[in-house]
Amino acid sequence: MINDKLINPASITVVGGSDNLFKPGGRILKNIIDGKFKGELYVLNPKRDSVQGVKSYRDIASLPQTDLAFLAISSKYCFQVVEKLLREKNTKAFIIISAGFSELGEEGKKLEDEIAGLIRSSGATLIGPNCIGVITPAYNGIFTTPVPRLDRRGCDLVSGSGATAVFIFESAIPKGIKFSSVFSVGNSAVTGVEDVLEYWD
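Structure representation (structure tokens):
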């Protein structure tokens, strides 16, 4: 299920946001900033008060309400973060960039299934895990460069593989091909390619 909090959030939190642009939490935060996101932008990082000039909170209790959360942290912490954001902040959209789930075997699949069950039972939506993110007209939420320029007359792109999406960007951008939205669904724990196609339809 794709909801409005994923497509057009009023607030975004990058869990694991970093000043290091070689880390997923650093690059995603930079891309969101550079994309001129018009809503409230926060970072959740227990060691920092500010990251890339964005206010950083040390725990979920002190974090303001957030519509969409990007998780760029170790997979072993993702379940508890998702659970707390759902319960304490009524967060309804999640993009889990982190790897370490079903692509690694049964233990990772069990963790992925637990998170997916939690998301579904709460009426929320999830992209990923193990993905490069999402771009909508509201925000540039991907862990990669280059970031394609959006044009509502451009083409939509959905990919299960982040590497394939990046290859398409690198091939299309020099040719002037533009995109209107991009979805990298990764392991498709809750939202798959077919769900994105249904949303576009």
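For the sequence shown, my numbering gives the first residue as 1355, with consecutive numbering after it.
From the three backbone atoms N, C-alpha and C, an ideal C-beta is built for every residue, glycine too.
Note that the structure is a prediction, hence the values are computed from the model and not measured.
Alpha helix (DSSP H) containing A1517: first to last residue? Start and end: G1516 to A1526.
For P1378 versus A1447, is the C-beta spacing smaller than 9 angstroms? no
Y1553 and I1414 - do their beta-carbons sit closer together than 9 angstroms? In this structure, I1414 lies away from Y1553, with their beta-carbon atoms at least 9 angstroms apart.
Straight-line CA distance for V1512 to R1402? Distance between the alpha carbons of V1512 and R1402: 34 angstroms.
C-alpha distance - I1486 paired with S1538, whole-angstrom precision: 6 angstroms
Exposed or buried, which one is S1428 when buried takes at least 16 other CB atoms within 10 Å? For S1428, the number of other beta carbons within 10 angstroms of its own is below 16, and it is reported as exposed.
Taking 9 angstroms as the threshold (beta carbon to beta carbon), is G1462 in contact with chain C? Among the chains of the structure shown, chain C does not appear; only one protein chain is present.
For V1408, write down the residues that DSSP places opposite it in a beta bridge. Residue pairing from DSSP places V1408 in a beta bridge opposite V1405.
Are there three or more Cβ pairs, one per stretch, closer than 8 angstroms when the stretch 1428 to 1437 is compared with the stretch 1452 to 1459? Yes, the stretch 1428 to 1437 is in contact with the stretch 1452 to 1459.
Measuring only the C-alpha atoms, how far is R1441 from P1528? R1441 and P1528 have their C-alpha atoms some 44 angstroms from each other.
Could you give the DSSP three-state label for S1429: helix, strand or coil? helix
Which two residues bound the contiguous alpha helix (DSSP H) that contains N1374? Note, N1374: premise wrong, no alpha helix (DSSP H); not H, not E.
Please tell me whether V1544 and L1480 are closer than 9 angstroms, where the distance is taken between their beta carbons. yes
V1539 - containing beta strand (DSSP E), residue span: No beta strand (DSSP E) holds V1539; DSSP gives it neither H nor E.
Out of S1365, R1412 and G1540, which one is the CA nearest neighbour of G1482? Looking at the Cα atoms, G1540 is the closest of the given residues.
Pop quiz: N1343 and G1495 are said to be a contact at Cβ under 8 angstroms. What is the actual Cβ separation, rounded to whole angstroms? An answer regarding residue 1343 cannot be provided, because it is not within the stretch 1355 to 1555 covered by the chain.
Inspect the beta-carbon positions of V1369 and V1435 and report whether they are closer than 9 angstroms. yes
Straight-line CA distance for V1536 to R1503? Their Cα atoms are separated by approximately 11 angstroms.
Collapsed DSSP secondary structure at N1385 in the structure displayed: helix
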